[in-house]
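Accompanying notes for the structure given below.
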Amino acid sequence: MNNFQYKNPTKILFGKNQIENIVHEIPANAKILLLYGGGSIKKNGIYEQVTKALLNFEVIEFGGIPANPEYTILMDALKIIKEEDITFLLAVGGGSVIDGTKFLSAATLFEGKTPWDILSKNIRILKGMPFGTVLTLPATGSEMNSGAVITRKETQEKFAMGGPGLFPMFSILDPEVIKSIPQRQIANGLADAFTHVLEQYMTYSVGAFLQDRLAESILQTLIEVAPKIMNDTSDYEAASNFMWSCTMALNGLIQQGVPSDWAIHMIGHELTALYGIDHARTLAIITKSHYTLNFEDKKEKLAQYAERVWNISEGTLDKKAKAGIAKTTAFFQSLGIKTKLSEYTTDYKGTAQLISKRFEERGWKGIGERGKVTPKIVEKIIEMSY
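So the number in this note's numbering is just where the residue sits in the sequence shown, counting from 1, plus 101.
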């Protein structure tokens, strides 16, 4: 196992009726900017619960943060933060709203030339404005980590950011919110969390036995609850396990002491930036091709995954590894998620070359756990995903 240092300061309030406890988590004299997305929280009762809990605070609202948090829209929110002397941010939504709030937390205290530098120059954030979250859509794990991804529509770019200054102070996780989530978003959440685990697990062994078992248990739990929560979003037991698995998939715990990949995400971000495809679905598009093209580097872990997660006990190591890839693709498809780029757009020709060129221009010589996925290999992965 590799050396590591781990600290996660986010307080989790999990279960029914936890929203009312916000009052105990926010500083008494805080002036709050309440951030949310398209307004679904006003239809499912969450908005009413939150505003009731905030009656004794001065609150200004900012809605309309899109599914891929857009830089230009967030800059409008940043203007309000500064004009109104906001002291606390509260994100009520899924990963996109929380990611947007993290960017605002960083941008408020940023002393550089332009907040875009935080993203384009990958500046590590050590201090941000305090914020909390009320999770309405399990998927990204953003409610318990310090990372975010922001899109800029005008340049068709999507960049990650983060740093120890961007952990939420607290996050409310009430599984009952899942009752109102559309099936497409449930599927996305399952696929997103599943791939988050794979990115931290499907690399090579460093003798981190517990980390492997933790990752495998999250994958097994997602597989077990997927049909239950897809069929009945009011199943509280399934919803609870789904929500907590999504959080555990990316709160930093399972990646301690082990190598991680993230090439699937880095390529997937480009597909979202170019075509607006749901983030989780871009991951499903890329996963099979990435594992197939980098098979030799990953086959031992793929075979272990096939054995432990999918109970495939027969065949050679290579056959088990290939079966693991096939099972992963079938899992995505069982959620109703298409796994080829050509199933999302007819305008895909030249995509591989364009993304490869972008990586080259950014100086990204090699990504993945071994740094061996060069821009040319990225090009081949995308072409295999057509």
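Even glycine gets a Cβ: it sits at the ideal position worked out from N, Cα and C.
task = Taking only the alpha-carbon atoms, compute the straight-line gap between Asp336 and Glu185 and give it to the nearest angstrom.
result = Start at 1 with the first residue of the sequence shown, and residue 336 comes out as number 235. Start at 1 with the first residue of the sequence shown, and residue 185 comes out as number 84. Looking at the two C-alpha atoms, the distance is approximately 42 Å.
key: Separation of Trp217 from Met485, as counted between CA atoms   = Taking the first residue of the sequence shown as position 1, residue 485 is located at position 384. Taking the first residue of the sequence shown as position 1, residue 217 is located at position 116. If you take the alpha carbons of Met485 and Trp217, they lie about 33 Å apart.
request  = Report, in whole angstroms, the separation of the C-beta atoms of Gly196 and Tyr137, which I expect to be a contact under 8 Å.
outcome  = Within the sequence shown, residue 196 is the residue found at index 95, counting from 1. Within the sequence shown, residue 137 is the residue found at index 36, counting from 1. No, Gly196 and Tyr137 are not in contact; Cβ-Cβ is about 13 Å, not under 8 Å.
ask   = At which residue ranges does the stretch 447 to 480 contain complete alpha helix (DSSP H) runs of 4 or more residues, listed in the order of the chain?
value = Positions of the alpha helix (DSSP H) runs, each at least 4 residues long and wholly inside the stretch 447 to 480, are given as 452 to 462 in order along the chain.
task = Pull up the distance between the alpha-carbon of Ala207 and that of Leu175, whole angstroms please.
result = Reading the sequence shown from its first residue, position 106 is the one you call residue 207. Reading the sequence shown from its first residue, position 74 is the one you call residue 175. Distance from the CA atom of Ala207 to the CA atom of Leu175, rounded to whole angstroms, is 12 Å.
query = Between Lys441 and Tyr305, what straight-line distance do the alpha-carbon atoms span, to the nearest angstrom?
reply = Counting from 1 along the sequence shown, the entry for residue 441 is found at position 340. Counting from 1 along the sequence shown, the entry for residue 305 is found at position 204. One alpha carbon belongs to Lys441, the other to Tyr305, and they sit about 26 Å apart.
ask   = Beta carbon of Leu418, beta carbon of Ala404: below 8 Å?
value = Indexing the sequence shown from 1 puts residue 418 at position 317. Indexing the sequence shown from 1 puts residue 404 at position 303. Contact: yes.
inquiry  = I need the DSSP call for Val193, collapsed to helix, strand or coil.
reply    = Here residue 193 refers to the residue found at position 92 when the sequence shown is read from its first residue. DSSP, reduced to helix, strand and coil, places Val193 within a strand of the structure shown.
ask   = Taking buried to mean at least 16 other C-beta atoms within 10 Å of its own C-beta, is Gln312 buried or exposed?
value = Taking the first residue of the sequence shown as 1, we reach residue 312 at position 211. Gln312 is classed as buried because its beta carbon has at least 16 other beta carbons within 10 Å across all chains shown.
request  = Use the C-beta contact count for Met303: other C-beta atoms within 10 angstroms, 16 or more gives buried, fewer gives exposed.
outcome  = What you label residue 303 is simply residue 202 of the sequence shown in a count that begins at 1. By the 10 Å Cβ count, Met303 comes out buried.
Boundaries (first-last residue) of the alpha helix (DSSP H) holding Thr429 = Numbered from its first residue, the sequence shown carries residue 429 at position 328. Element bounds for Thr429: 418 to 435.
query = Ends of the beta strand (DSSP E) at Phe113?
reply = Along the sequence shown, read from residue 1 onward, the residue named residue 113 stands at position 12. The amino acid at residue 113 is misidentified as Phe; the sequence shows Ile. For Ile113, the uninterrupted beta strand (DSSP E) segment begins and ends at 112 to 115.
ask   = Relative to the alpha-carbon of Ala309, which residue among Gln286, Leu274, Gln357 has its alpha-carbon at the smallest distance?
value = Position 208 of the sequence shown holds residue 309. Among Gln286, Leu274, Gln357, the Cα nearest to that of Ala309 is on Gln357.
query = Which of helix, strand or coil does DSSP assign to Gly263?
reply = Translated into positions along the sequence shown, residue 263 becomes position 162. Shown here, Gly263 sits in a strand according to DSSP, grouped into three states.
query = Can the beta-carbon of Ile368 be found less than 8 Å from the beta-carbon of Ile224?
reply = What you label residue 368 is simply residue 267 of the sequence shown in a count that begins at 1. What you label residue 224 is simply residue 123 of the sequence shown in a count that begins at 1. Against a cut-off of 8 Å, the Cβ pair of Ile224 and Ile368 comes out as no contact.
ask   = Who are the Cβ neighbours of Glu162 in its own chain at under 6 Å, not counting the five residues just before and after it?
value = Within the sequence shown, residue 162 is the residue found at index 61, counting from 1. Hits under 6 Å: Leu135.
ask   = Using 8 Å as the Cβ pair cut-off and three pairs as the minimum, do the stretch 240 to 260 and the stretch 385 to 392 touch?
value = No contact exists between the stretch 240 to 260 and the stretch 385 to 392.
inquiry  = Between the alpha carbons of Pro360 and Glu470, how many angstroms are there, rounded?
reply    = For the purposes of this step, residue 360 is identified with residue 259 of the sequence shown, where counting begins at 1. For the purposes of this step, residue 470 is identified with residue 369 of the sequence shown, where counting begins at 1. The alpha-carbon separation between Pro360 and Glu470 amounts to approximately 6 Å.
task = Return the CA-CA distance between Gly377 and Ser281, expressed in angstroms with no decimal places.
result = For the purposes of this step, residue 377 is taken as the residue at position 276 of the sequence shown. For the purposes of this step, residue 281 is taken as the residue at position 180 of the sequence shown. CA-CA distance, Gly377 to Ser281, rounds to 24 Å.
Terminal residues of the beta strand (DSSP E) in which Ala249 lies = Here residue 249 is taken as the residue at index 148 of the sequence shown, counted from 1. Run containing Ala249: 248 to 253, per the beta strand (DSSP E) assignment.
Spatial distance of Lys420 from Ile386 (CA atoms) = Taking the first residue of the sequence shown as 1, we reach residue 420 at position 319. Taking the first residue of the sequence shown as 1, we reach residue 386 at position 285. Cα to Cα, Lys420 sits roughly 22 Å from Ile386.
query = Going by the beta-carbon positions, is the gap between Phe343 and Glu126 smaller than 8 Å?
reply = In the sequence shown, residue 343 corresponds to position 242, counting from 1. In the sequence shown, residue 126 corresponds to position 25, counting from 1. Not closer than 8 Å, so no.
inquiry  = Between the alpha carbons of Gln118 and Ser346, how many angstroms are there, rounded?
reply    = Working through the sequence shown from its first residue, we reach residue 118 at position 17. Working through the sequence shown from its first residue, we reach residue 346 at position 245. Note that residue 118 corresponds to Asn in the displayed sequence, not to Gln. Each residue's Cα considered, the two are about 20 Å apart.
task = Pick out the complete beta strand (DSSP E) segments inside the stretch 181 to 233, 3 residues or longer, and give them in chain order.
result = Runs found: 189 to 194.
request  = State whether the stretch 288 to 295 contacts the stretch 230 to 243, with contact taken as three or more CB pairs (one from each stretch) at a distance under 8 Å.
outcome  = Yes, they touch.
task = With a 10 Å radius around its C-beta and 16 neighbouring C-beta atoms as the bar for buried, classify Leu351 as buried or exposed.
result = Along the sequence shown, read from residue 1 onward, the residue named residue 351 stands at position 250. Label assigned to Leu351: buried.
inquiry  = Could you compute how far the alpha carbon of Lys423 sits from the alpha carbon of Val124?
reply    = Walking along the sequence shown from the start, residue 423 turns up at place 322. Walking along the sequence shown from the start, residue 124 turns up at place 23. Cα to Cα, Lys423 sits roughly 51 Å from Val124.
ask   = In angstroms, rounded to a whole number, what distance separates the CA positions of Glu491 and His366?
value = Since the first and last residues shown for the chain are 102 and 487, residue 491 lies out of range.
ask   = Given that a residue counts as buried once 16 or more other Cβ atoms are within 10 Å of its Cβ, and exposed if not, what is Pro110?
value = Numbered from 1 along the sequence shown, position 9 holds the residue referred to as residue 110. Residue environment for Pro110: exposed (fewer than 16 other C-beta atoms within 10 angstroms of its C-beta).
Simplified DSSP state of Lys399, which is helix, strand or coil = Taking the first residue of the sequence shown as position 1, residue 399 is located at position 298. Reduced to three states, the DSSP call for Lys399 is helix.
inquiry  = I need the boundaries of the beta strand (DSSP E) containing Leu291, first residue and last residue.
reply    = Numbered from 1 along the sequence shown, position 190 holds the residue referred to as residue 291. Premise fails: Leu291 lies in the alpha helix (DSSP H), 284 to 302, not in any beta strand (DSSP E).
query = Of the choices Thr296, Pro128, Leu394, whose alpha-carbon is the least far from that of Asn157?
reply = Within the sequence shown, numbered from 1, the residue matching residue 157 stands at position 56. If you compare the alpha carbons of Thr296, Pro128, Leu394 with that of Asn157, the shortest gap goes to Pro128.
request  = Mind checking which residues open and close the alpha helix (DSSP H) that includes Glu325?
outcome  = Within the sequence shown, the letter at position 224 stands for residue 325. Under the DSSP assignment, Glu325 falls in the alpha helix (DSSP H) whose first and last residues are 310 to 332.
Residue range of the unbroken alpha helix (DSSP H) whose run includes Ala160 = Residue mapping note: residue 160 aligns to position 59 of the sequence shown, counting from 1. Going by the sequence as given, residue 160 is Val instead of Ala. Here Val160 belongs to no alpha helix (DSSP H); instead the beta strand (DSSP E) covers 159 to 163.
ask   = Would a C-beta distance cut-off of 8 Å place Leu205 and Ala178 closer than the cut-off?
value = Along the sequence shown, read from residue 1 onward, the residue named residue 205 stands at position 104. Along the sequence shown, read from residue 1 onward, the residue named residue 178 stands at position 77. It is a contact, given that the beta carbons lie within the stated cut-off.
message = With H, G and I counted as helix, E and B as strand and the rest as coil, what does DSSP make of Ile133?
response = Here the question's residue 133 lines up with position 32 in the sequence shown. In the structure shown, Ile133 sits in a strand (DSSP, three-state: E or B).
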